[in-house]
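Colleague: Attaching a single structure in structure tokens format; questions to follow.
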Amino acid sequence: MSLDRQKALNVAVDAAKAAGGLMKANLFAEKKTTSTTQYDIKLELDVECQRTIETILTREYPESFILGEEGDTGDEGASHRWVIDPIDGTVNFTYGIPHACVSIALQEKGSEAGTEAYRDGYQTTVAVIYDPFCEELWTATLGEPAALNGIPIQVSNRDRLEEALVSVGFSKNEQTLDQMLPVVNALAYEVRKIRTMGAAALAMVYVASGRFDGYVENNIRLWDIAAGGLIVESAGGVFWRRATEDPHTFQILASNRALHEKLASRCFNPDKMWGQE
Ligand code: IPD
Ligand code: CA
Numbered sequence: 000m001s002l003d004r005q006k007a008l009n010v011a012v013d014a015a016k017a018a019g020g021l022m023k024a025n026l027f028a029e030k031k032t033t034s035t036t037q038y039d040i041k042l043e044l045d046v047e048c049q050r051t052i053e054t055i056l057t058r059e060y061p062e063s064f065i066l067g068e069e070g071d072t073g074d075e076g077a078s079h080r081w082v083i084d085p086i087d088g089t090v091n092f093t094y095g096i097p098h099a100c101v102s103i104a105l106q107e108k109g110s111e112a113g114t115e116a117y118r119d120g121y122q123t124t125v126a127v128i129y130d131p132f133c134e135e136l137w138t139a140t141l142g143e144p145a146a147l148n149g150i151p152i153q154v155s156n157r158d159r160l161e162e163a164l165v166s167v168g169f170s171k172n173e174q175t176l177d178q179m180l181p182v183v184n185a186l187a188y189e190v191r192k193i194r195t196m197g198a199a200a201l202a203m204v205y206v207a208s209g210r211f212d213g214y215v216e217n218n219i220r221l222w223d224i225a226a227g228g229l230i231v232e233s234a235g236g237v238f239w240r241r242a243t244e245d246p247h248t249f250q251i252l253a254s255n256r257a258l259h260e261k262l263a264s265r266c267f268n269p270d271k272m273w274g275q276e
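With numbering that gives the first Met the number 0, letter number 33 in the sequence shown gets 32, and the count goes up by one each step, no holes.
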């Protein structure tokens with residue numbers, strides 16, 4: 000039986016706002032780190048925010064599977080799952096930069112029109128992204144227009160690279176830097192500006208809102224893109240993705256549609272995965 004998506008959206012909004020409140024209260028606090036690598040940081044607050052979200056979601060949906068950046072819970076074979084990034088932009092947040100968000104997607108097994116199913120058969124049907132610092136809340140349900148703070152949004156109609164604002168992400172490892180930097184080097188001469196702002200989910204909803212014209216990244220994870228992908232599509236944009244050997248890791252291009260082909264031709268060799276080049 001399919002879920003009441005309006006109810007699911009309301010519950011996800013409550014969960015995102017609760018976690019966002021924790022982020023806002025702690026932006027300038029001293030943060031406890033749980034692990035660091037050269038290109039990444041993880042915080043105790045990442046886990047605390049995920050637990051807060053899980054508590055709210057499982058109160059209403061005890062049978063759910065939760066696939067989160069900070070771990071999974073529940074029955075992996077469930078007909079629906081929540082895909083959560085409790086803090087997207089953790090490095091910004093750690094450094095006191097108020098550009099980070101909460102990302103929550105509901106995915107259901109199915110093949111409804113309006114969005115492509117992931118390789119394991121799940122489609123995103125409800126999406127919430129919340130930036131607690133700007134108090135911006137993006138929402139979408141499959142088949143309905145995307146909205147920002149309740150007002151419908153649309154991607155830009157810019158179709159000239161010379162006018163485009165294109166955002167890029169570098170994931171968390173050297174291999175991705177090696178793959179992305181040549182793309183950025185080439186694109187930088189063609190577009191108006193390149194932006195690398197450090198929160199993939201926010202970059203995607205900036206595309207959906209017509210602020211950016213494209214967002215590209217390699218080796219990005221499902222929880223970074225599940226909600227943003229549906230929001231981009233529901234705002235008239237294109238969410239192109241290709242899974243790597245790991246079904247939950249992707250190369251992606253989210254675009255305003257008008258520039259999709261031009262951006263894709265500069266970002267991807269269609270015959271090869273970036274990782275194989
Ligand atoms: C990361 C950020 C970053 C992107 C990485 C993500 P996190 O998420 O969105 O901008 O380039 O691919 O993993 O670790 O801050 O949740
Ligand atoms: Ca993330």
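Glycine included, each C-beta is placed from N, C-alpha and C at the ideal position. Just so we're clear, the structure is a prediction, and the values are computed from it rather than from any experiment.
Sorted by chain position, which residues of the same chain lie with C-beta nearer than 6 Å to Ala-225's C-beta, five sequence neighbours on each side aside?
Modeller: Val-82, Ala-104, Thr-123, listed in sequence order.
Colleague: Hey, could you find the ends of the beta strand (DSSP E) Ser-1 is sitting in?
Modeller: Note, Ser-1: premise wrong, no beta strand (DSSP E); not H, not E.
Colleague: Taking DSSP's pairing of strands, which residues face Val-215 in a bridge?
Modeller: DSSP output for Val-215 lists Val-167, Leu-252 as bridge partner(s).
Colleague: Can you name, in chain order, every residue of its own chain whose Cβ lies under 6 Å from the Cβ of Gly-76, other than the five neighbours on each side?
Modeller: Cβ neighbours of Gly-76 beyond the five flanking positions: none.
Colleague: Taking 7 Å as the line, does the beta carbon of Val-101 fall inside it for any heavy atom of ligand 3?
Modeller: In the structure shown, ligand 3 is absent; the only ligands present are ligand 1 and ligand 2.
Colleague: At which residue ranges does the region 117–158 contain complete beta strand (DSSP E) runs of 3 or more residues, listed in the order of the chain?
Modeller: 121–130, 135–140, all fully within the region 117–158.
Colleague: Pick helix, strand or coil for His-259, following the three-state DSSP scheme.
Modeller: His-259: helix per DSSP, three-state reduction.
Colleague: Select from Phe-238, Pro-246, Thr-243 the residue whose C-alpha is nearest the C-alpha of Leu-258.
Modeller: Taking only the C-alpha atoms, the option nearest Leu-258 is Phe-238.
Colleague: Pull up the distance between the alpha-carbon of Ser-102 and that of Gly-227, whole angstroms please.
Modeller: Spanning the two alpha carbons is a distance of roughly 8 Å.
Colleague: Count the other CB atoms, across all protein chains shown, that sit within 10 Å of the CB of Asp-39; report buried if there are 16 or more and exposed otherwise.
Modeller: Per the 10 Å Cβ criterion, exposed.
Colleague: Classify Leu-42: buried if its beta carbon has 16 or more other beta carbons within 10 angstroms, exposed otherwise.
Modeller: Answer is buried; the Cβ neighbour count reaches 16.
Colleague: What separation, rounded to the nearest whole angstrom, lies between the Cα atoms of Tyr-278 and Ala-234?
Modeller: The chain is shown from 0 up to 276; residue 278 falls before or after that span and cannot be answered.
Colleague: To the nearest angstrom, how far is the alpha carbon of Ile-96 from that of Cys-266?
Modeller: Answer to the nearest angstrom: the Cα atoms are 28 Å apart.
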